[in-house]
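Protein chains in written order, with UniProt numbering: chain A, 1 to 343; chain B, 1 to 343.
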DNA sequence: AGGGAGATTGTTAGCGCTCACATTCGAAGC
DNA sequence: GCTTCGAATGTGAGCGCTAACAATCTCCCT
């Protein structure tokens, strides 16, 4: 064991142990650990050797106590099993690591402001230096806005209208592009299968759809509302397939589009022969739907990465005025869209 | 500084501030905070009021330093954007919260043992009390086994053959059930689209498939290997569709099955009329594939929850001998399977 | 009324680390 | 040789909290 006569309980080595073994003071060990200047190379080597020999690891709690920095960032997320949130979390984690931070997660039970409050509090109690909120619901974002005074907060994935820094895909222009594409193909108008109310993404995508229709002077059909799930898309599809005047549907996400495709398939309405369908997200599976889905791609990983950069900048105190980052989504054309049938 | 009249910089309140305001000692504040007995109700109320008034929040680093407990658990995960890992993480987080722990994540860059080593080290440096590894690859698990001496570790989602505690779905019996189902429908044999080599799940599912074939005395066709992605399933499907003697395919996961279905659809081989297909996982979309996919359901959330319970039990020091939990998966019959065509 | 046994509260000593400052060392300058 | 100054290292004081123990305070019994 160590230099000593192996006490009964093998205590974790602390800085003083390393110091003694290396024949220096604990402060010198600290200097080596933190890369401080004015340490003679020979001394440094002896310290390093002692560290290795004892398999010493600095106590992060002690360091955090004195430096007042936990080196930890928090992520609040909702529905984190979905592809989007999961990818953002992944992007955040990778970016955080390379910025020297740990990442602690807190998922939301429900999507109300109390729940968000609770999650952020939990993270604060843990001592996180900042928080990224991956909860694109109106109520969540507004709840966060109130908290941002205590800890730096960045929201991601939603077109937050609040005062906090935000990283988001331009949902509106994505939806606009998708809708315009369908109109350009000759469809008289485009129906919309929207996401649940209260989600910023639902709102923005619906708005983009409306804008495109308005720009083309097209009729604005009644919106069908889903809940992001394939099931809800399927149910909506059953209803839609009964409507004769529908030739194009823009779905607020790919999962609902999947359900819609299945419903249309079952009711004998070929896509794109009879109807055209567009999704949103470009999940990895979208290219393998039947038929492959035309959709709007958003790079979730990038979104997470950018959010973290923003947060770190904010922590750095560099009075960054950049408080709203928007990433342009990209329309990906596949076989689920085609020219309007002769009506 | 000390007791002065509101210094220029509003310092975060500490326990002593609360104590002074409540007219008690800091120790009494600590007692209230930790629910220790022997505090007069009136005193408790005054302390609580002072806490509220100052918006005091205990410093977790200080507490961790003295108690030697960080109240944090680590999760190591790979490919965390996939449905399975994401769901497990979610399950783990929820369970951790209700057990009073925070969760810190570390995702793997690559799936080799150095990378796992690195991730676990990172978490240890942060002072986690235990680690859940969601990395069902052979090399990852063996790497973890070596580390488990320093911090309690539990592996989840893989049929680990190592010495560390494990929570897993019984992949073998799930695959067996899927294969048997196809054989029972009259298929002479069942082809297998396997996951990538090196993954425990690939191996176990393949083994189950072999077992079922052997039990039925069926011919064992050459395995086609994919990489879990829909793309690889699609490519495999193109090859498979050229084979005339294939009537049933068991896919190692639902994503590959999706790609396979699409390839079969394109090459004009109806499912289940011409071929039957079974998947594995039962992702939420599987019921909306064309046709709806017969698959083996595993409850990822439950998996995560159980893993966390196991870890907490281990931490509790209750010399739990239960070191391997297996959860039975469930075959879900949908329309992608049917009787073998007349050969 | 006096003497405990509890109940309630306070006091003291660190946890392992970094910060600020004191000290020592080494080589150059007169 | 002795100062001088910067480089290299050491010393002491906490960070904010809990654990252990000491000191009081209650209340009830004899």
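Ideal Cβ positions, reconstructed from N, Cα and C, are used throughout, including at glycine.
Is residue i near residue j, with beta carbons less than 8 Å apart?
i	j	result
residue 218 of chain B	residue 183 of chain B	yes
residue 246 of chain A	residue 191 of chain A	yes
residue 276 of chain B	residue 337 of chain B	yes
residue 214 of chain A	residue 176 of chain A	no
residue 348 of chain A	residue 250 of chain A	Nothing about residue 348 of chain A can be reported from this structure: the residues present for chain A run from 1 to 343 only.
residue 100 of chain B	residue 71 of chain B	yes
residue 121 of chain A	residue 60 of chain B	no
residue 48 of chain A	residue 24 of chain A	no
residue 350 of chain A	residue 76 of chain A	A question about residue 350 of chain A goes unanswered here, because the residues of chain A that appear run from 1 up to 343.
residue 303 of chain B	residue 74 of chain B	no
residue 248 of chain A	residue 187 of chain A	yes
residue 132 of chain B	residue 308 of chain B	yes
residue 134 of chain B	residue 196 of chain B	no
residue 332 of chain A	residue 310 of chain A	no
residue 193 of chain B	residue 252 of chain B	yes
Would you call residue i buried or exposed, if buried means 16 or more other Cβ atoms sit within 10 Å of its Cβ?
i	result
residue 206 of chain B	buried
residue 55 of chain B	exposed
residue 27 of chain A	exposed
residue 36 of chain B	exposed
residue 298 of chain A	buried
residue 50 of chain A	buried
residue 98 of chain A	exposed
residue 201 of chain A	buried
residue 220 of chain A	exposed
residue 11 of chain B	exposed
residue 241 of chain A	buried
residue 222 of chain A	exposed
Out of curiosity, what's the CA-to-CA distance linking residue i and residue j?
i	j	result
residue 3 of chain B	residue 20 of chain B	For residue 3 of chain B, the predicted model reports a pLDDT of 34, less than 50, meaning its position is unreliable; a value from the coordinates is still stated below. Cα to Cα, residue 3 of chain B sits roughly 10 Å from residue 20 of chain B.
residue 40 of chain A	residue 17 of chain A	20 Å
residue 15 of chain A	residue 66 of chain A	15 Å
residue 227 of chain A	residue 104 of chain A	28 Å
residue 38 of chain A	residue 58 of chain A	21 Å
residue 114 of chain B	residue 272 of chain B	45 Å
residue 286 of chain B	residue 259 of chain B	12 Å
residue 239 of chain A	residue 267 of chain A	10 Å
residue 69 of chain B	residue 315 of chain B	11 Å
residue 283 of chain B	residue 327 of chain B	17 Å
residue 6 of chain B	residue 13 of chain B	Reliability fails at residue 6 of chain B, whose pLDDT of 43 lies under 50, so the model's placement of it is uncertain and the value that follows must be treated cautiously. Cα to Cα, residue 6 of chain B sits roughly 11 Å from residue 13 of chain B.
residue 398 of chain A	residue 334 of chain B	Nothing about residue 398 of chain A can be reported from this structure: the residues present for chain A run from 1 to 343 only.
residue 185 of chain B	residue 340 of chain B	6 Å
residue 117 of chain A	residue 172 of chain A	28 Å
residue 22 of chain B	residue 301 of chain B	45 Å
residue 163 of chain A	residue 163 of chain B	51 Å
residue 102 of chain B	residue 323 of chain B	23 Å
residue 83 of chain B	residue 290 of chain A	21 Å
residue 144 of chain B	residue 166 of chain B	12 Å
residue 330 of chain A	residue 254 of chain A	14 Å
residue 296 of chain B	residue 313 of chain A	46 Å
residue 237 of chain B	residue 181 of chain B	21 Å
residue 52 of chain A	residue 42 of chain A	15 Å
residue 112 of chain A	residue 79 of chain A	13 Å
residue 256 of chain B	residue 230 of chain B	4 Å
residue 88 of chain B	residue 169 of chain B	12 Å
residue 233 of chain B	residue 90 of chain B	27 Å
Tell me the DSSP bridge mates of residue i?
i	result
residue 265 of chain A	Partner(s): none; residue 265 of chain A has no beta bridge.
residue 303 of chain A	Partner(s): none; residue 303 of chain A has no beta bridge.
residue 77 of chain B	B:107, B:134
residue 63 of chain B	In DSSP, residue 63 of chain B forms no bridge with anything.
residue 193 of chain A	A:224, A:251
residue 102 of chain B	B:72
residue 17 of chain A	Beta-bridge pairing links residue 17 of chain A to no other residue.
residue 331 of chain B	B:296
residue 326 of chain A	A:168
residue 199 of chain A	A:137
Quick one, which residues of the segment 218–232 of chain A are near chain B if we go by CB-CB under 9 Å, in chain order? Listed in sequence order: 229, 230, 231.
Please name the residues in the segment 94–124 of chain A whose beta-carbon is closer than 7 Å to at least one beta-carbon of chain B, in chain order. The segment 94–124 of chain A vs chain B, Cβ under 7 Å: 94, 102, 103, 104, 105, 107, 124.
Contact residues within the segment 302–320 of chain A, judged by C-beta distance below 9 Å to chain B: For chain B, none of the residues of the segment 302–320 of chain A brings a beta carbon within less than 9 Å of one of its beta carbons.
To be precise: take each residue of the segment 252–282 of chain B, compare its Cβ to all Cβ atoms of chain A, and keep it if any distance is under 8 Å. Which residues remain? Against chain A - using a Cβ distance shorter than 8 Å - the residues of the segment 252–282 of chain B are 255, 258, 259, 261, 262, 265.
Beta carbons nearer than 8 Å to chain A: which residues of the segment 185–197 of chain B have them? Here the close residues number zero.
Please list, in chain order, the residues of the segment 52–65 of chain A that have any C-beta partner in chain B closer than 9 Å. Within the segment 52–65 of chain A, the residues whose Cβ lies closer than 9 Å to some Cβ of chain B are 55, 57, 58, 59, 60, 61, 62, 63, 64, 65, listed in chain order.
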